[in-house]
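In my numbering, the protein residues as written are 965 to 1423. Glycine included, each C-beta is placed from N, C-alpha and C at the ideal position. Only a predicted model underlies this, so the values are computations on that prediction, with no experimental measurement involved. Note sheet for the following structure.
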Ligand SMILES: [Zn+2]
């Protein structure tokens, strides 16, 4: 009895369940159950895949995004690595029974020293120079098998869409070839991989595909790229499924969904206009906000950009030049929150921004959490951290072309000999994945896991 988790980064339930060409996935759906899979806040690749693997929320992992504050200083954020995650993951439990295969699960560099084999994720630095496999010798085997093993498409935020599409297909083909090789050459008990190609396709091609996207042009030449790639993934998944037998349990899952991006909201520009952030002088042209540009003696609040905003208060006694007294912390936080929630979009319509306080949504707040997390316009808008813009709303992204944002709900399809539930299931959360898979394999659920098994919903 083996367990397989096929991770499709960014897979959207609307397409996964709605596209009729996905015959292999449809067969899997008919043999088991499926539904939307609610992601964590923020629904971002890092930490979402590791929240799924450990059944721990971002605060408990102490990982709030790709980059996190490492101290209450102003200078920069530390990038998460595989070593930032200390909680045991599902492959550690399955690894007690036999070998596991873990490929591309972010953050996966340096490669995890699992009982079995592991390969780094898209955060791996230059693969020609870095050791990104466990055991180390596996790298040579991969390179013999597929040429240079690609962990990502480098430069995927490109306007050369023909090139981008080719690169993504070439990468994904190699990934699946490696998975099939490992499945047939390792005596494994648990297999998990994450295909990042789907995320890259959707960020690169969503505006050509989604008729509600502001930049959608009817009849454009890339209209079917997103859906065709799903169909291609379905074929590759079919080849994986044919290497399994009826005793094996299969879960297909995504870390979050995908939705159109209406634009970027210049959060630090806005904080300046609100009188909460002060710059020493206004820059002549748009660019990233550097701590040295900020007049900290007149700054109460600043923010980081990205798919969502991490908002920080400049607190007296906490930040080096903090000015918000601790006894005013709650009042300032409530005020900023109310102002964020009241934001209109560029047409003057309420944006419906969601604002979260880490202490309200996480069981623990390890390391350094942001003071607030904002999903601008329910993630139809992204957060632009740069300053020097003459507007609050931009169409261009400050880190390169990007057509889509992450959606709160990803998707799952579950099938196996002990999966007795049939049809569509509601209310499944990403934190439920690890307990469900352990339960289906007849293993006990570790008490530290925060989700619950799908099999035990009514008990
Ligand atoms: Zn993702």
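N- and C-terminal bounds of the alpha helix (DSSP H) containing residue i
| i | result |
| --- | --- |
| residue 1369 | No alpha helix (DSSP H) contains residue 1369, which is instead part of the beta strand (DSSP E) from 1368-1371. |
| residue 1023 | 1022-1025 |
| residue 1303 | 1293-1305 |
| residue 1402 | 1397-1404 |
The beta strand (DSSP E) enclosing residue i, as first and last residue numbers
| i | result |
| --- | --- |
| residue 1345 | 1345-1348 |
| residue 1439 | No statement about residue 1439 is possible, as the shown extent of the chain runs from 965 to 1423 and does not include it. |
| residue 1237 | Element bounds for residue 1237: not the beta strand (DSSP E) but the alpha helix (DSSP H), 1231-1237. |
| residue 1261 | First-last for residue 1261: undefined, no H or E at that position. |
| residue 1110 | It is not in any beta strand (DSSP E) - residue 1110 instead sits in the alpha helix (DSSP H) that spans 1102-1110. |
| residue 1384 | First-last for residue 1384: undefined, no H or E at that position. |
| residue 967 | 967-972 |
| residue 1273 | 1273-1277 |
Residue environment, residue i, which counts as buried when at least 16 other CB atoms sit within 10 Å
| i | result |
| --- | --- |
| residue 1290 | exposed |
| residue 1035 | exposed |
| residue 1273 | buried |
| residue 928 | A query on residue 928 cannot be resolved here, the shown segment of the chain reaching from 965 to 1423 and no further. |
| residue 1254 | exposed |
| residue 1164 | buried |
| residue 1432 | Nothing about residue 1432 can be reported from this structure: the residues present for the chain run from 965 to 1423 only. |
| residue 1012 | buried |
| residue 1312 | exposed |
| residue 1264 | buried |
| residue 1055 | buried |
| residue 1002 | buried |
| residue 1022 | buried |
| residue 1127 | exposed |
| residue 1088 | buried |
| residue 1408 | exposed |
| residue 1248 | exposed |
| residue 1261 | exposed |
| residue 1093 | exposed |
| residue 1019 | buried |
| residue 1118 | exposed |
| residue 1166 | buried |
| residue 1032 | buried |
| residue 1051 | buried |
| residue 1053 | buried |
| residue 1384 | exposed |
| residue 1112 | exposed |
| residue 1149 | exposed |
| residue 1130 | exposed |
| residue 1244 | exposed |
| residue 1382 | exposed |
Whole-angstrom C-beta distance between residue j and residue i, which should lie under 8 Å
| i | j | result |
| --- | --- | --- |
| residue 1371 | residue 1221 | 3 Å |
| residue 918 | residue 1017 | Outside the displayed span of the chain (965 to 1423) sits residue 918, for which this structure offers no information. |
| residue 1085 | residue 1158 | 7 Å |
| residue 1235 | residue 1266 | 7 Å |
| residue 1070 | residue 1010 | 5 Å |
| residue 1037 | residue 1334 | About 15 Å separates the two Cβ atoms, so there is no contact after all. |
| residue 1179 | residue 1368 | Incorrect: roughly 11 Å between the Cβ atoms, too far for contact. |
| residue 1081 | residue 1100 | Contact flag wrong, Cβ pair sits at about 11 Å. |
| residue 1328 | residue 1048 | At roughly 15 Å, the Cβ-Cβ gap does not stay under 8 Å, so residue 1328 and residue 1048 are not in contact. |
| residue 1231 | residue 1286 | Actually they do not touch by this definition, with Cβ atoms about 20 Å apart. |
| residue 1227 | residue 1359 | 5 Å |
| residue 1068 | residue 1160 | 6 Å |
| residue 1211 | residue 965 | 5 Å |
| residue 1282 | residue 1026 | At roughly 17 Å, the Cβ-Cβ gap does not stay under 8 Å, so residue 1282 and residue 1026 are not in contact. |
Short CB-CB distance (under 7 Å) between residue i and chain B
| i | result |
| --- | --- |
| residue 1300 | No chain B appears in the structure shown, which is made up of a single protein chain. |
Tell me whether the stretch 1137-1155 and the stretch 1099-1110 touch, counting them as touching only if at least three CB pairs, one residue from each stretch, are closer than 8 Å. yes
Task: Whole alpha helix (DSSP H) elements within the stretch 1150-1227, 4-residue minimum - done: 1161-1173, 1189-1205
key: Whole alpha helix (DSSP H) elements within the stretch 1044-1100, 4-residue minimum   = Taking 4 residues as the shortest admissible run, the stretch 1044-1100 contains the following complete alpha helix (DSSP H) segments, listed from N- to C-terminal end: 1054-1058.
Where are the alpha helix (DSSP H) runs, 4 residues long or more, that stay fully inside the stretch 975-1018, in chain order?
Within the stretch 975-1018, the complete alpha helix (DSSP H) runs of at least 4 residues are 977-980, 987-995, 1009-1018.
| task | Determine, using beta-carbon pairs with one atom in the stretch 1362-1378 and one in the stretch 981-1001, whether at least three such pairs fall under 8 Å. | result | yes
Quick test of the definition: if touching needs 3 or more C-beta pairs under 8 Å, does the stretch 1178-1189 touch the stretch 1338-1353? no
**Request:** Assess, as a yes-or-no matter, whether the stretch 1200-1218 is touched by the stretch 1310-1322 under the definition of 3 or more beta carbon pairs within less than 8 Å.
**Result:** Taking a cut-off of 8 Å on C-beta distances, the stretch 1310-1322 does not touch the stretch 1200-1218, as fewer than three cross pairs fall below it.
- Task: Mind listing, in chain order, the continuous beta strand (DSSP E) runs of no fewer than 3 residues lying wholly within the stretch 1307-1351?
- Result: 1318-1320, 1336-1339, 1345-1348
Checklist entry - Are three or more beta carbon pairs between the stretch 1191-1198 and the stretch 970-989 nearer than 8 Å? => result Contact between the stretch 1191-1198 and the stretch 970-989 is present, because at least three Cβ pairs lie under 8 Å.
- Is the stretch 1268-1287 touching the stretch 1328-1338, taking contact as three or more C-beta pairs under 8 Å? yes
>> Under 8 Å: do the stretch 1238-1247 and the stretch 1169-1178 share three or more Cβ pairs, one atom per stretch?
In response: no
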